[in-house]
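Those sequence lines, one after another, are chains C and L.
Under UniProt numbering, the first residue of the first sequence is numbered 1, with each subsequent residue one higher.
Under UniProt numbering, the first residue of the second sequence is numbered 1, with each subsequent residue one higher.
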Amino acid sequence: MPPRIHNQRVTNTLLPYLSSTSTTASSPSISRLPSTSTAPNGSSRPFSTTPAPQSRKWRTDMFQWLAKEGSELKSHVPGRTNYLTRLKERRARGEEGANSKAALTHPFPLNPYFSAENILSEELRNEIHARVTGRNKKSVRAVSVELGVDMRRVAAVVRLVELEKRMKSQNKQLALPYARAVHEMVPTTPLHKENRRAHESINDLPVHKLTNAQIFHPIPESRHFTRADAGRVFSAAPAQDLATAAATAADPTAAVDRATQQPGRIERVGKGEFETQVLQPAEARIPHPHLVALERYRLAHSEEPRESNKYYRTRLLEQERLEGEQRAQAAAREEQSTNKVAPAASRFEFRFRDVEFSEETVGHDGRGSIAPGRRYGVPSEDRKKGQVKIPTSVVV
Amino acid sequence: MRNRATTTLTNPKIRQSWSKYNLFNLTRMRTPQTSFRTHFQQKFKAKSIARAYHGEQVRESQWQRMFSSRIRSVIPMDPYNLAKDDGAGAAAGRGSGLGNKISRAELSVQQAKQYIPFSQMTFAPLERRLDVAVFRALFASSTRQARQFVIHGAVTVNGQKMRYPGYLLNPGDLFQVDPERVMFATGAPKNKSERREGRALRKKKSEGEEATEAEAKEEDSAAAEESKEPAEAEAKDQPKEDPRKVLKGLMAQAKGIMSTGQDVLPAKRKQELRGFQKAVRRVLSRSASSTVLTDNLESQFAELTQLLKAKRAEKKKGDRKEGKEARSPKSEASDAQKQPGAPQGAAAADEAQPGEALTEAFRQAAENPEQEPDTSELSDEEFDVLKRAMVQMRDNPIDHSKPYGTPWQPRDFMSAFAFVPRYLEVNHSICAAVYLRHPVARPGASEVPSPFGEVVGTGAFAWYLRRR
């Protein structure tokens, strides 16, 4: 069936003569006859009898919105975010809403849980790089605490600034106007010399898989049940004997140090492949356990702020020394266990490492996932569904 | 792969794109209806809406294999609380803590703050993909474009070319996109006349007259030298120029540059820009320190405003007295700044003279402020205009051989989508970023950028939990 003719839609210029109920009483002038683009009801197809599709209505609406309300989003305002939420908040709550925190930080009006967070300003970025690589070098850990930036971010900033310097020295083209525009659009954390404000929270405790379970664990009311005990319950380890518990309570910092400095010595529970470390309390699993030690010291010696600063610095130095030692030891061990063979006529160096052939290391069939030659004699599975065939890592 | 990432207006879907169609669809989006719908219908709707945005370039079976019901989350810890309390208080009494005297209303407020939006993390595994990360770092205007950049070999991971958009970034991976491509992706497109100029340029090149190129190069370098040398010469010739007049002229030029839209002929814009460049050079060459021209923009700008005695206009309530007070310490400061510059050497000595002349002129102006009260006071807007004109002059030149409109400007509606999630650390000037860690949820916030609310997130999570 052909589409019905809607009276309003038909805008033939002869229509006033044909229909008795002519809406446009004005006489048809010569100029109106050929002009198809300026039809009286705004339609661009005055001779068509088909109703305009819905999409055209939306299109018209869109361009109207872009010209009026949306024009505010067209170009950015330096120093302020320019998100859609702002428009919505203004419509709902007026100017107060437009300047609310939500309007300035939420890019998506329907998702209150995602907010645009500050990025490092250029000065702060350069400051981080200067502190880590400058004349009096500081450790990543120390700089992270000083400026309130995550340790991984500090390391990344150093890498990126080094790369930037290299590119500048090679006279490679940089995207400077683009970078400036982005820093004008996105909230940034400025560098405050005197009152330092944290860029992000640096002591994030990752939620451990074992703690997702709700466990009903009855204990006597008289028992002093600490975080460490809760960790043992979560990992199904037997309760600590009284002597160890008393020693831990007497010097909690030492217990945390044992766990963080010698992670291989942490008590293990379970059998075979289910063997895991006992879940450690939060103060041992956060990125900066030394801050907890500092706070403990401060609580114990509240009258001596200088002493606590000294304590903090010596502890930090000690920790760095220990970490450096451990790294050196690991490298030496690796060096000792590999047998390097460099044939005279070859440009390669072959490195052999001894393998301990036991069920723990290579599995019951000798083809454990970490065993050398695990794929020997096994057909390739790369035609199977779900096998990853693209690279999974890029080694620097 | 066929591009199904269309942003239609009928049957709208939200995409990972900065298109204006997408923006309009975003304004129209409502939370999907749940009343009078079966649970299955709710979940299906939620997953289909969410998948149009999250990884529409990924096959459904591929995504189902990536989906993980285990969601990463973190709790920010306060070292003071950890030190003060070993956690025994929480288990005391009958297991819910002793001395817990919080009222119900307070408790609910606290719980709302501590609420971790796990269901908003459903699509977190997709954020590991290289194409998505390139889009999230603001290096491309859509994930499709980011994907194209990867496939066309413009993206490196840890310094090696990576041609797989599905490469899953590992924490610590550094990826970098060709800056030229990024400028193209995020810049405003060329207009008609710029395209024509570009065509003319290409035609000229293809005619293969190397001699003309060499000539052009010579001309350019000559022009650059010319603009430096005569500027200095001029500065020496006419050292007693009124700073206000200079400033006025400069402002007019800057405004001209910033206000002329894309409709003005590019040749004329180029001329204007060159004129402004010359003027700024002329002013800066009076400065005592010779490093200003090569130094960073901020110091250049500070020097310029200081030389011209320009300052931000305060609110009009301040009367003349206040104005005097505000001016006099400034002139002292400028004197103080001049003094350490003076013993620098003979090179600085000859150029210090115009600077002193300027201060002298300024002092006179401060003593009898009736003559021209407000000429050197700039409003914030004017300051901004002057600054931006200088930026443009230095590192945003007109170049018709580029595939984007020059001088570079951000494309329309970019700011509505501009944010950088926390799991990336981005250096925009070299177009490189580091994938720090996997996105996590924390109390009150999720790190996965998603335009959808709880209803959609939860529904989609429930849909994929079934592992069909």
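Where is the CB? At the ideal position from N, CA and C, for every residue including glycine.
These figures come from a predicted structure and were not determined experimentally.
In three-state terms, what does DSSP make of residue i?
i	result
L/Gln176	strand
C/Asn339	strand
C/Leu205	strand
L/Ser142	strand
L/Leu9	coil
L/Gly444	coil
C/Val394	coil
L/Val155	strand
L/Phe419	coil
C/Ile119	strand
L/Gly198	helix
L/Lys192	helix
L/Thr294	Legend: pLDDT at L/Thr294 = 45, less than 50; position of this residue unreliable, value from coordinates given subsequently. DSSP places L/Thr294 in coil when its eight states are reduced to three.
L/Val456	helix
C/Val149	coil
C/Arg86	helix
L/Asn427	strand
L/Lys161	strand
C/Leu125	Position check: residue 125 of chain C holds Arg in this sequence, whereas Leu was assumed. Reduced to three states, the DSSP call for C/Arg125 is helix.
L/Tyr435	strand
L/Leu82	helix
L/Leu107	helix
L/Ser73	strand
L/Ser334	Low confidence applies here, because L/Ser334 scores a pLDDT of 37, under 50, leaving its location unreliable and the question unanswered by this model.
C/Gln54	helix
Kindly give me the distance between the Cβ atoms of residue i and residue j, rounded to whole angstroms, as I take these residues to be in contact under 8 Å.
i	j	result
C/Ile128	C/Val186	Their Cβ separation, rounded to whole angstroms, is 18 Å, which puts C/Ile128 and C/Val186 out of contact at 8 Å.
C/Gln280	C/Ala300	Going by Cβ atoms, the distance from C/Gln280 to C/Ala300 rounds to 23 Å, so no, they are not a contact pair.
L/Asp131	L/Val150	6 Å
L/Pro407	C/Asn203	That belief does not hold up - the Cβ atoms of L/Pro407 and C/Asn203 are roughly 45 Å apart, past 8 Å.
L/Leu201	C/Val182	That pair is no contact at about 29 Å.
L/Asn158	L/Leu174	6 Å
L/Ala445	L/Ile71	With 8 Å as the limit, L/Ala445 and L/Ile71 do not qualify as a contact, their Cβ atoms being about 13 Å apart.
Less than 7 Å between C-beta atoms, sequence neighbours within five positions excluded: which residues of the same chain meet that for residue i?
i	result
L/Gln238	Interpretation of L/Gln238 is limited by its pLDDT of 42, a score under 50 that renders its predicted location unreliable; the figure taken from the coordinates is listed afterwards. The answer is none, since no qualifying residue turns up.
C/Ala236	Val269
C/Gln387	Glu381
L/Asp220	Caution applies to L/Asp220, whose pLDDT of 49 falls short of 50 and renders its modelled position unreliable; the value that the coordinates give is listed next. The answer is none, since no qualifying residue turns up.
L/Val455	Thr31, Pro32, Thr34, Ala46
L/Phe135	Gln16, Ser142, Thr143, Ala146
C/Val140	Val132, Met151, Val154, Ala155
Near residue i, which residues of its chain fall below 8 Å by C-beta distance, leaving aside the five closest residues on each side in sequence?
i	result
L/Lys47	Gly459, Ala460, Trp463, Tyr464
C/Leu84	Leu73, Pro107, Phe108, Pro109
C/Leu294	Ser308, Tyr311, Tyr312, Arg315
L/Gly405	Gly187, Ala188, Pro189, Lys190, Asn191, Glu194, Gln262
C/Leu191	Ser121, Glu123, Leu124, Glu127
C/Leu291	Val145, Asn203
L/Leu110	The sequence shown places Gln at residue 110 of chain L, not Leu. Excluding residues within five positions, the ones whose Cβ falls inside 8 Å are Ile102.
Taking the alpha carbon of residue i as the point to measure from, which residue in the options has its own alpha carbon closest?
i	options	result
L/Lys113	L/Tyr53, L/Pro76, L/Thr7	L/Pro76
L/Gly187	L/Lys205, L/Leu23, L/Pro410	L/Pro410
C/Ala67	L/Leu201, L/Phe413, L/Gly55	L/Phe413
C/Ser358	C/Gln64, C/Arg333, C/Gly366	C/Gly366
L/Glu56	L/Lys13, L/Gly153, L/Ala441	L/Lys13
C/Arg296	C/Ile370, C/Pro252, C/Gly264, C/Glu267	C/Pro252
C/Ser246	C/His224, C/Glu267, C/Phe234	First, the amino acid is wrong: residue 246 of chain C is Ala here, not Ser. Comparing Cα-Cα distances from C/Ala246 to each of C/His224, C/Glu267, C/Phe234, the minimum goes to C/His224.
L/Pro403	L/Ala418, L/Glu180, L/Arg51	L/Glu180
C/Asn82	L/Ala445, L/Ala441, L/Glu425, L/Ala418	L/Ala418
Can residue i be considered in contact with the ligand GDP, in the sense that its beta carbon sits closer than 7 Å to one or more heavy atoms?
i	result
C/Ala236	Although the ligand GDP was asked about, the structure shown includes no ligands whatsoever.
Less than 6 Å between C-beta atoms, sequence neighbours within five positions excluded: which residues of the same chain meet that for residue i?
i	result
L/Ser108	none
L/Glu314	With a pLDDT of 47 at L/Glu314, under the threshold of 50, the modelled position of this residue cannot be trusted, and the question is left open.
C/Tyr113	none
List the residues of chain B that residue i touches, going by C-beta distances under 8 Å, in chain order.
i	result
C/Lys74	Here chain B cannot be found, since the structure's protein chains are C and L.
Pair every Cβ in the stretch 143-161 of chain L with every Cβ in the stretch 5-20 of chain L, then say whether three or more of these pairs are closer than 8 Å.
-> yes
Are three or more beta carbon pairs between the stretch 87-103 of chain C and the stretch 419-439 of chain L nearer than 8 Å?
-> no
Pairing CB atoms from the stretch 53-69 of chain C with CB atoms from the stretch 158-166 of chain C, are three or more of them under 8 Å?
-> no
Between the stretch 125-142 of chain C and the stretch 436-452 of chain L, do three or more beta carbon pairs fall short of 8 Å?
-> no
Does the pairing of the stretch 115-123 of chain L with the stretch 62-75 of chain L give three or more beta-carbon distances under 8 Å?
-> yes
Hey, is the stretch 168-176 of chain C in contact with the stretch 251-267 of chain C, meaning 3+ C-beta pairs nearer than 8 Å?
-> no
State whether the stretch 226-244 of chain C contacts the stretch 84-100 of chain L, with contact taken as three or more CB pairs (one from each stretch) at a distance under 8 Å.
-> yes
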